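J.: Sequence order for the protein chains is A and B.
Mapping the first sequence onto our numbering, position 10 (from 1) lands on 10, and the numbers just tick up by one.
Every number in our numbering is 1000 more than the matching position in the second sequence, counting from 1.
The beta-carbon is built from N, C-alpha and C at its ideal position, and this holds for glycine as well.
Just so you know, these numbers come straight off a predicted model, no measurement behind them.
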Amino acid sequence: MFLKFNRLWKESPLKSSYDAVIIGGGLHSLAAAYFLASRHNIRDVAVIEKKFIGCGAAGRNTAIVRANQRTQENIPLYKEALDLWPILTKELDFNLMFYNCGNLNLAHSDAAMKAFRMNVATAQFHGVNSQLVDARQCKELVPALDITDRPRFPIFGGMFHPPGGIVRHDAVVWGLARGGAKLGVHIHQGTEVTGIGVKNGKVAWVDTDKGRIQTTKVLNAAGAYSAGIAFKCLGQRLPISVLTIQAMVTQPLKPLLHHVVSSGAYHAYANQTLKGEIATGAHMDPWPNYTNQSTAHYIKHQAEAIGEMLPCLRGVKFMRIWGGLADMTPDMAPILDGNVPVEGYYMDCGWGYFGFKSSTVAGKYMAQYVATGECPEMLKPFRLKRFEEHRLMGETAALVDYTANN
Amino acid sequence: MAFLITCPLCGPRDAYEFRFGGEDKGPRPDPETLSPEAWCDYVHMADSRFGVQKEWWYHRRGCGTWFTIYRDTVKNIEVSSNDREADQ
């Protein structure tokens, strides 16, 4: 029981040159570094993190994973991400605690049921298990739900997605960091990228507060900070609004929620962690900023929403609240592109609040992109140019008031 | 994460009374000479800068005025225009 714990990865000195530099020490960066080393034999890679790995959205999300997205471009990506959890658990020899308890999404109107019908059809077409359920089936799945007409938004039915669930987010950070470091990836924490050097339209170096690194390949995967870094280092403007999203947990309770439950009408989702706490969230203050501040305003809203959805939770106390950043694009789909605006510069950003469930698959394909210089088929729809061509993706049925300009 | 915003008519008020109206991108581009790139830049693109930016706000639950302020995105507080010069 009292084993001696060794560090999962070792500290390495910052070298003056690397084959590839990855900005950010979150899941997308660590996954890209791991896949570069394990699949493409590019092991001379530096992951540059300003604070500590997993400090941003990687450790602040509510750990929910699912593949029931809305569009044909997005679903295959998220499906592969879902399929990767058991594979990575084995490959990294690290328990990622993937618990595929299933996600139940509630509909509170006929219009919402219609929207789900299309979602389910698209998901099934792409081989993702997703089903329409009626109100009674919802009650069978989650007995705590109130399916009478008493709540503010009565339950009409739902969309049940059995393969989704929860993954221990910190374990993914540690597992990927250990896996990458074992193969030779250098993880530099407490190091800030201050500039990107460009020579003849190509990436030539990366400046950090600890010194200059010569490199020809840079991947900006700094999550919500990527847009600000792209503007600061390259003057590149992106269709991104960075908003703070909040989440909170209640005091621990006996097991009562065996699935992730979410509702667009209440604007809330909830799942019970393995410790018994009800983790819930979904709210964002609608103005861009780079703080992690939380708000009394939303604790109140969340209590009201959860109390209506799951009346047995009324009176249960919230223990903790925290905020994290989400980089929202106008079409709720990410931007995955390379060699824009300069050769050798790659970006993996704009994930909004879908960044956790997609992290490993994004890392896998971005690693392929960086290694070969050729955009993988899977990533082609996500290029930056789509905004100029007005080919926005329909990840959201109706534009919501998340992006500043809507 | 409430903070105060100074409305030109009502003075400093709680930020939740206002609606964010986007970064200040200057005047709307001239439709005669407009390219898809310039239009995309005006409609979608943002600086997302770390630090002070000029931005639009609308006093939705108040007097209905549209106006600009300077705000520090790292501290999430309103600042004066002098702070913008110092920031850049």
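Roughly how many angstroms lie between the CA atoms of K350/A and A224/A, to the nearest whole one?
T.: For the purposes of this step, residue 350/A is taken as residue 350 along the first sequence, with counting starting at 1. For the purposes of this step, residue 224/A is taken as residue 224 along the first sequence, with counting starting at 1. Rather than Lys, the amino acid found at residue 350/A in this sequence is Gly. About 7 Å.
J.: Is Q236/A buried or exposed, if buried means 16 or more other CB atoms sit within 10 Å of its CB?
T.: Translated into the one-based positions of the first sequence, residue 236/A becomes position 236. Counting Cβ neighbours within 10 Å, Q236/A comes out buried, since at least 16 surround it.
J.: From the DSSP output, in three-state form, read off D1040/B for me.
T.: Numbered from its first residue, the second sequence carries residue 1040/B at position 40. According to the sequence displayed, residue 1040/B carries Cys and not Asp. DSSP places C1040/B in helix when its eight states are reduced to three.
J.: If distances are taken between C-alpha atoms only, which option among P252/A, L84/A, G24/A comes closest to C55/A?
T.: Reading the first sequence from its first residue, position 55 is the one you call residue 55/A. Among P252/A, L84/A, G24/A, the Cα nearest to that of C55/A belongs to G24/A.
J.: Name the two residues that bound the continuous beta strand (DSSP E) containing P953/B.
T.: For residue 953/B there is no data in the structure shown, the boundaries of chain B being 1001 and 1088.
J.: Since C1040/B meets chain A, which of its residues come closer than 7 Å, beta carbon to beta carbon?
T.: By one-based count along the second sequence, residue 1040/B stands at place 40. The answer, in chain order, is F387, E388.
J.: Please report the straight-line C-alpha distance between N105/A and N1082/B, rounded to a whole angstrom.
T.: As a first step, residue 105/A is located in the first sequence; it is residue number 105 there, counting from the start. As a first step, residue 1082/B is located in the second sequence; it is residue number 82 there, counting from the start. The alpha-carbon atoms of N105/A and N1082/B are separated by roughly 49 Å.
J.: Nearest to A177/A by CA position, among A204/A, P162/A, A31/A, is which residue?
T.: As a first step, residue 177/A must be located in the first sequence, where it is residue number 177. The option with the nearest alpha carbon to A177/A is A31/A.
J.: Using only alpha-carbon positions, find the residue among L379/A, A33/A, V65/A that is nearest to H259/A.
T.: If you number the first sequence from 1, residue 259/A lands on position 259. Ranking the options by Cα distance to H259/A, first place goes to V65/A.
J.: Going by other Cβ atoms of all chains shown within 10 Å of its Cβ, with 16 needed for buried, is N200/A buried or exposed?
T.: Stepping through the first sequence from its first residue, residue 200/A is reached at position 200. The residue in question, N200/A, is exposed, as its Cβ has fewer than 16 Cβ neighbours within 10 Å.
J.: Which one of G355/A, F356/A, M332/A, A367/A has the shortest CA to CA distance from Y346/A?
T.: Here residue 346/A refers to the residue found at position 346 of the first sequence. Nearest C-alpha to Y346/A: A367/A.
J.: What does DSSP give as the partner residues of C349/A in its beta bridges?
T.: Position 349 of the first sequence, counted from the first residue, corresponds to residue 349/A. Paired residue(s): I335/A.
J.: So L257/A packs on Q272/A, CB below 8 Å; how close in whole Å?
T.: If you number the first sequence from 1, residue 257/A lands on position 257. If you number the first sequence from 1, residue 272/A lands on position 272. Indeed they touch by this definition, with Cβ atoms about 4 Å apart.
J.: Identify the contact partners of V242/A in chain B, using a Cβ-Cβ distance below 7 Å as the criterion.
T.: Position 242 of the first sequence, counting from 1, holds the residue named residue 242/A. Near V242/A (Cβ distances below 7 Å), the residues of chain B are S1048.
J.: Indicate whether E11/A and T191/A have their beta-carbon atoms separated by less than 8 Å.
T.: Position 11 of the first sequence, counted from the start, is the residue given in the question as residue 11/A. Position 191 of the first sequence, counted from the start, is the residue given in the question as residue 191/A. For E11/A and T191/A, no; Cβs fall outside 8 Å.
J.: Pop quiz: I187/A and W9/A are said to be a contact at Cβ under 8 Å. What is the actual Cβ separation, rounded to whole angstroms?
T.: Here residue 187/A is taken as the residue at index 187 of the first sequence, counted from 1. Here residue 9/A is taken as the residue at index 9 of the first sequence, counted from 1. That pair is a contact at about 6 Å.
J.: In this structure, how does DSSP classify K275/A when only helix, strand and coil are distinguished?
T.: On the first sequence, residue 275/A is found 275 positions in, with the first residue counted as 1. In the structure shown, K275/A sits in coil (DSSP, three-state: anything other than H, G, I, E or B).
J.: For chain A, check one thing: does any of its Cβ atoms lie closer than 8 Å to the Cβ of E1037/B?
T.: For the purposes of this step, residue 1037/B is taken as the residue at position 37 of the second sequence. E1037/B counts as touching chain A.
J.: Can you tell me the Cα-Cα spacing of A20/A and G338/A, whole angstroms?
T.: For the purposes of this step, residue 20/A is identified with residue 20 of the first sequence, where counting begins at 1. For the purposes of this step, residue 338/A is identified with residue 338 of the first sequence, where counting begins at 1. Rounded to the nearest angstrom, the two C-alpha atoms are 13 Å apart.
J.: For the stretch 102–128 of chain A, list the alpha helix (DSSP H) runs that are entirely contained and at least 4 residues long, ordered along the chain.
T.: With a minimum length of 4 residues, the continuous alpha helix (DSSP H) runs that stay inside the stretch 102–128 of chain A are 110–125.
J.: Note down, in chain order, all residues in the stretch 1010–1036 of chain B with a beta-carbon under 8 Å from any beta-carbon belonging to chain A.
T.: Hits within the stretch, in order: A1015, Y1016, R1019, F1020, G1021, G1022, E1023, P1036.
J.: Could you give the residue range of the beta strand (DSSP E) that holds C1007/B?
T.: For the purposes of this step, residue 1007/B is taken as residue 7 along the second sequence, with counting starting at 1. Where C1007/B is concerned, the enclosing beta strand (DSSP E) stretches over 1004–1007.
J.: If we ignore side chains and look at the alpha-carbon of each, how far apart do M159/A and V120/A end up?
T.: The count along the first sequence starts at 1 and reaches residue 159/A at position 159. The count along the first sequence starts at 1 and reaches residue 120/A at position 120. The straight-line gap from Cα to Cα measures roughly 7 Å.
J.: Name, in chain order, the residues that DSSP records as bridge partners for G165/A.
T.: Indexing the first sequence from 1 puts residue 165/A at position 165. BP columns for G165/A point to V65/A.
J.: What does the alpha-carbon distance come out to for the pair R407/A and S1080/B?
T.: Examination of residue 407/A is not possible in this model, given that chain A is present from 1 through 406 alone.
J.: Under 8 Å, Cβ to Cβ, is there at least one residue of chain A near N1076/B?
T.: Locating residue 1076/B in the second sequence gives position 76, where the first residue counts as 1. Answer yes: the Cβ-Cβ gap between N1076/B and chain A drops below 8 Å somewhere.
J.: Are the C-beta atoms of A404/A and some chain B residue less than 8 Å apart?
T.: Against the first sequence, residue 404/A aligns to sequence position 404. Because A404/A sits at a pLDDT of 43, beneath the cut-off of 50, its placement in the model cannot be relied upon, and the following sentence gives the value as read from the coordinates. Closer than 8 Å to some Cβ of chain B, the Cβ of A404/A qualifies, so yes.
J.: So, using beta-carbon positions, are E395/A and R70/A closer together than 8 Å?
T.: By one-based count along the first sequence, residue 395/A stands at place 395. By one-based count along the first sequence, residue 70/A stands at place 70. A contact, by the Cβ cut-off of 8 Å.
J.: Assign W205/A to one of two classes, buried (16 or more other C-beta atoms within 10 Å of its C-beta) or exposed (fewer than that).
T.: Here residue 205/A refers to the residue found at position 205 of the first sequence. The residue in question, W205/A, is buried, as its Cβ has 16 or more Cβ neighbours within 10 Å.
J.: By the criterion of Cβ-Cβ separation under 8 Å, what are the contact partners of Y207/A in chain B?
T.: Along the first sequence, one-based indexing puts residue 207/A at 207. A quick correction: the sequence has Asp, not Tyr, at residue 207/A. Simply none; closest approach about 16 Å.
J.: Does G228/A come within less than 8 Å of chain B when only Cβ atoms are used?
T.: One-based indexing of the first sequence puts residue 228/A at position 228. Chain B, which has a Cβ nearer than 8 Å to the Cβ of G228/A, makes this yes.
J.: Does the beta carbon of T1068/B sit closer than 8 Å to a beta carbon anywhere in chain A?
T.: Position 68 of the second sequence, counted from the first residue, corresponds to residue 1068/B. No, T1068/B lies away from the interface with chain A (no Cβ there is under 8 Å from its Cβ).
J.: With distances taken from CA atoms, which of V167/A, C138/A, A144/A, D285/A is nearest L325/A?
T.: Numbered from its first residue, the first sequence carries residue 325/A at position 325. For the residues V167/A, C138/A, A144/A, D285/A, the minimum Cα distance to L325/A belongs to D285/A.
J.: Can you tell me the Cα-Cα spacing of I196/A and Y290/A, whole angstroms?
T.: Here residue 196/A is taken as the residue at index 196 of the first sequence, counted from 1. Here residue 290/A is taken as the residue at index 290 of the first sequence, counted from 1. Approximately 21 Å between the Cα atoms of the pair.
J.: Have a look at F1020/B and F387/A and give me their C-alpha separation to the nearest angstrom.
T.: Along the second sequence, one-based indexing puts residue 1020/B at 20. Along the first sequence, one-based indexing puts residue 387/A at 387. Those two C-alpha atoms are separated by around 22 Å.
J.: What residues from chain A crowd round T1073/B, counting only those whose CB sits closer than 7 Å?
T.: The sequence position of residue 1073/B within the second sequence is 73, counting from 1. What T1073/B touches in chain A: P288, N289, Y290.
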